[in-house]
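Residue numbers (the numbering used here), protein chains in the order written: chain A, 1 to 452; chain B, 1 to 177. Beta carbons are placed, not taken as given, at the ideal position from N, Cα and C, and that holds for glycine. These numbers come from a predicted model, not from an experiment.
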Amino acid sequence: MKTHWQILVVDDEEVMCESLAAWLREDGYLVDTASSGRDALEKARATDYAIYFVDLKMPGGMDGIETMMAVRQLHPEASIIIITAYATVDTAITAMKEGAMEYIVKPCNPEEISLLVNRIIKVKNLQRENQILRKKLARQYCFQDIISKNARMRAILELAEDVAGRRSTVLIRGESGTGKELVARAIHNSSDRVAQPFVAVSCAALAESLLESELFGYEKGAFTGATTQKKGKFELADRGTIFLDEIGDISMKLQLDLLRVLQERSFYRVGGSQEISVDVRVVAATNVDLQQAVEQGKFRDDLFYRLNVIEIKLPPLRERREDVPLLARHFIEKLSPELGKEVQDIREGALRILMDYDWPGNVRELENAVERALVTARSEILEEDDFAFLAARARPFNWQAPANLTLDEVERQVITATLARNSGNVKETASVLGIDRSTLYEKIRRYDIARE
Amino acid sequence: MIRVGAVEDAVPDAVAPRLEAEFGLEVRQMAALSDPAYAFDARRAQYSSVEIMKRLLDAAPPGAGRVLGITGRDIFIPMLSFLFGQAQLGGRVALVSVARLRQEFYGIPGMTHRLQERAIKESLHELGHTFGLTHCPDARCAMSLSTNLQQVDTKDAVFCAACRGRLENSRLGAAEQ
């Protein structure tokens, strides 16, 4: 990793310059030298050095501090180390004030310089890695990557892209697996908050008290087990975006707390007395009809109107069937290398099966189906047979609908049985049922189903 | 191999055969150079390694691929308080100072075999630089950076597999030229 980083040594004394450069080269760095501040600036314009060693006293009208200030204007992230033969408190303070990373007195212990350079490079490597990962993540979640040729979907994506740049709260509605989080991330990545955190919280996955401390954090001693202070998701998302998934599931008390955050942009940690202000953009999502929940008195209308400033409604996959072939091919391309398969395409007949299926679990279910087909596929093209399991899902021949049961009761029994078959594993169960985890949690809670 | 000023025979006598074994090259000992008074810096009471290396380059006989100087004097470069050795990266000259490899420097009774081992390690290290090797992250490899005696003692007097590979490549490249 070392050779990626270049260092510039600036000193009017040639021996000093060259000997330090030679010593640093032995460590594997690419090192240039400059004999004056002007020379250094010229080189800094041409090359982006990670570290500058700059001698404080240099003739020719530009001393070390002036050189450093000029370099910092060109490269604000550069780490500059000021070298001096005589340490005085004043120059040290000036150097540090003007942004020097370190101030060292020559001659210096070799161990000290080696540790200093290693420390700086370690941070630079982490920064670069972080930058690369962020870019990768942004590429993964941008509007261009949301695959659809459905006119309604294109209009929705245009709206989302349009509102991304604003601060307004967005409410995304859609069935499980329609890509609500994907759209939320794309909104974040297209906004000016892209360099700040995107924090996702599934409101259905946690009990009320847990969700409260998860969202707002808590003070030490706020409750049994609160042995240290902890920041909540709202604090972690400061200056960024918070994504509140399954917002329809939160309790009346939390609805009130949330309303306060949305109105005042501030809150208290659990057990805390100090008000905390945050600048957070809220994107919420739900798969239930909030309007109806308001009418039934289950959801506060004031909170609903606060959240519903901009509404984005994602259609289920069965209403945009023309996207099925596009999405199927996209998942083949994405998953095939991950699974170590050489599958390139899908047979027309197999696509027909996918087009005809109803996809209650939407795009997520389609992705799972393609993955399952890839795992068992024997040739380089997915065949009708590879999707035989879908036919079984769609038409359960040897199943008789039980008599005199409400739909709720049927759902409760199916979930209980599937959970038991999967030893209480929620992730597995959700996958089998073709719904996402938060929906399953919500249903487990609603029907009061024992997990074990 | 050239002694610079007074260095006891035990040091070059121990270093020469190990260099031959590790690099697979013949090592010849030349007549010692005089004490490097020309390189003395009165303010620091140390000797400039750059000045000594210039003399070594002048003293090198034609046909010598590399020149290793061994001195008993405490050497420095302006930026650093001391050096165990210095070399031209990918160049011809290397210099090792045994001044701070001696335990006596730190007020501990001296042991000749310890001094010999350390001199071997630092000679391999500095000559490694002349073959283009840079510092190795493996603390046991002769090419790992040592800035104190403990680090010198931790490493082995051999190159790790990776550095050995690089060394072979560098030597092959040189032979082709």
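Any non-hydrogen atom of the ligand FMN within 7 Å of residue i CB
i: residue 234 of chain A; result: Because no ligand of any kind appears in the structure shown, any question about the ligand FMN cannot be addressed here.
DSSP state of residue i mapped onto helix, strand, coil
i: residue 83 of chain B; result: strand
i: residue 43 of chain B; result: coil
i: residue 313 of chain A; result: strand
i: residue 68 of chain B; result: strand
i: residue 541 of chain A; result: Outside the shown range of chain A (1 to 452) lies residue 541 of chain A, about which nothing can therefore be said.
i: residue 397 of chain A; result: Any reading at residue 397 of chain A needs caution, since the residue's pLDDT is 49, under 50, leaving its predicted position unreliable; the model's value is listed next. Looking at residue 397 of chain A - three-state DSSP - the assignment turns out to be coil, as it is neither helix nor strand.
i: residue 274 of chain A; result: coil
i: residue 163 of chain B; result: helix
i: residue 250 of chain A; result: coil
i: residue 31 of chain B; result: coil
i: residue 525 of chain A; result: Any answer about residue 525 of chain A is impossible in this case: the structure gives chain A only from 1 up to 452.
i: residue 244 of chain A; result: strand
i: residue 64 of chain A; result: helix
i: residue 266 of chain A; result: strand
i: residue 1 of chain A; result: For residue 1 of chain A, the predicted model reports a pLDDT of 47, less than 50, meaning its position is unreliable and no value from the coordinates is stated.
i: residue 9 of chain A; result: strand
i: residue 75 of chain B; result: strand
i: residue 123 of chain B; result: helix
Any C-beta of chain B under 8 Å from that of residue i
i: residue 25 of chain A; result: yes
i: residue 114 of chain A; result: yes
i: residue 148 of chain A; result: no
i: residue 22 of chain A; result: yes
i: residue 59 of chain A; result: no
i: residue 303 of chain A; result: no
i: residue 108 of chain A; result: yes
i: residue 19 of chain A; result: yes
i: residue 129 of chain A; result: no
i: residue 16 of chain A; result: yes
i: residue 111 of chain A; result: yes
i: residue 64 of chain A; result: no
i: residue 102 of chain A; result: no
i: residue 13 of chain A; result: yes
i: residue 28 of chain A; result: yes
Any chain A beta carbon closer than 8 Å to residue i
i: residue 144 of chain B; result: no
i: residue 61 of chain B; result: no
i: residue 77 of chain B; result: yes
i: residue 89 of chain B; result: yes
i: residue 71 of chain B; result: no
i: residue 170 of chain B; result: no
i: residue 33 of chain B; result: no
i: residue 80 of chain B; result: yes
i: residue 113 of chain B; result: no
i: residue 167 of chain B; result: no
Residue i vs residue j beta-carbon contact at 8 Å
i: residue 115 of chain B; j: residue 11 of chain B; result: yes
i: residue 10 of chain A; j: residue 55 of chain A; result: yes
i: residue 268 of chain A; j: residue 234 of chain A; result: no
i: residue 112 of chain A; j: residue 287 of chain A; result: no
i: residue 1 of chain B; j: residue 46 of chain B; result: no
i: residue 477 of chain A; j: residue 210 of chain A; result: Since the first residue of chain A shown is 1 and the last is 452, residue 477 of chain A is not available in this structure.
i: residue 113 of chain B; j: residue 27 of chain A; result: no
i: residue 241 of chain A; j: residue 198 of chain A; result: yes
i: residue 154 of chain B; j: residue 142 of chain B; result: no
i: residue 96 of chain B; j: residue 15 of chain A; result: no
i: residue 133 of chain B; j: residue 163 of chain B; result: yes
i: residue 101 of chain A; j: residue 83 of chain A; result: no
i: residue 57 of chain B; j: residue 15 of chain B; result: no
i: residue 370 of chain A; j: residue 312 of chain A; result: no
CA nearest to the CA of residue i, picked from the options
i: residue 374 of chain A; options: A:415, A:357 and A:328; result: A:328
i: residue 448 of chain A; options: A:112, A:408 and A:425; result: A:408
i: residue 365 of chain A; options: A:290, A:292 and A:432; result: A:432
i: residue 42 of chain B; options: B:150, B:2, B:133 and B:76; result: B:76
i: residue 248 of chain A; options: A:239, A:292 and A:415; result: A:292
i: residue 75 of chain A; options: A:42, A:60 and A:58; result: A:42
i: residue 74 of chain B; options: B:132, B:161, B:39 and B:24; result: B:39
i: residue 91 of chain B; options: A:22, A:128, A:57 and A:40; result: A:22
i: residue 254 of chain A; options: A:303, A:290 and A:243; result: A:303
i: residue 45 of chain A; options: A:355, A:8 and A:371; result: A:8
Nearest-angstrom beta carbon gap, residue j and residue i [assumed within contact, 8 Å]
i: residue 172 of chain A; j: residue 323 of chain A; result: Wrong, their Cβ atoms sit about 18 Å apart, outside the cutoff.
i: residue 429 of chain A; j: residue 418 of chain A; result: 5 Å
i: residue 152 of chain B; j: residue 122 of chain B; result: 7 Å
i: residue 280 of chain A; j: residue 317 of chain A; result: The Cβ separation is near 31 Å, so there is no contact.
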